[in-house]
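To start, the structure itself, in structure tokens.
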Amino acid sequence: MKLVHQCNYSSCHKLIPQNQRYCPIHKKYEVKQKQEWNKTYNKTRYEKNSLTANYHTSAWRKLREAVLARDNHLCQECLRQGYVKPASHVDHVEPAVERLDLFWQMDNLQSLCPSCHTKKTIEEQRIKKQGQKKWANKKGGLKNE
């Protein structure tokens, strides 16, 4: 028995083979969606002057490893709360978007576990959306600037 599912185009209920995403009628949307994704990816990945381009350099990889080693590969936020959890992310204490001059400063970097990094990123995005200038400090909590 062949495995089938519905076409991914909203409101299309045609059954298609499992290895396809769209029915023949809506196949053009798959191509368009992929082109849009590639356009966005290439814009941020390969722009020489973009902030994200810095994350793809050997200098960043070396600095990242140095920060993880300095922090003994432990999440600094968890340690502040009395937990011991391994870190796999290196995070800017003050967001690099706000302070480009601090991007390469080791004392503006901290090791975080994935869950703490996600929480901090969500909080930074919420604050940015509200138009406030606050960010997490190394001792926990938020500081005003």
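Per the numbering used here, the sequence shown starts with residue 3, numbered consecutively.
Glycine included, each C-beta is placed from N, C-alpha and C at the ideal position.
The segment 22-98 is shown to contain whole beta strand (DSSP E) runs of 3 or more residues at 91-94, in chain order.
Excluding its 5 nearest sequence neighbours in each direction, Val6 has C-beta neighbours in its own chain below 8 Å: Leu17, Ile18, Pro19, Gln20, listed in chain order.
In this structure, DSSP gives Gln132 a helical state, which the three-state scheme calls helix. Judged by pairs of C-beta atoms under 8 Å, the segment 81-88 does not touch the segment 104-111, as fewer than three such pairs exist. Straight-line spacing of the CA atoms in Lys64 and Asn10 works out to 42 Å. With 16 or more other CB atoms across the displayed protein chains lying within 10 angstroms of its CB, Gln78 is buried.
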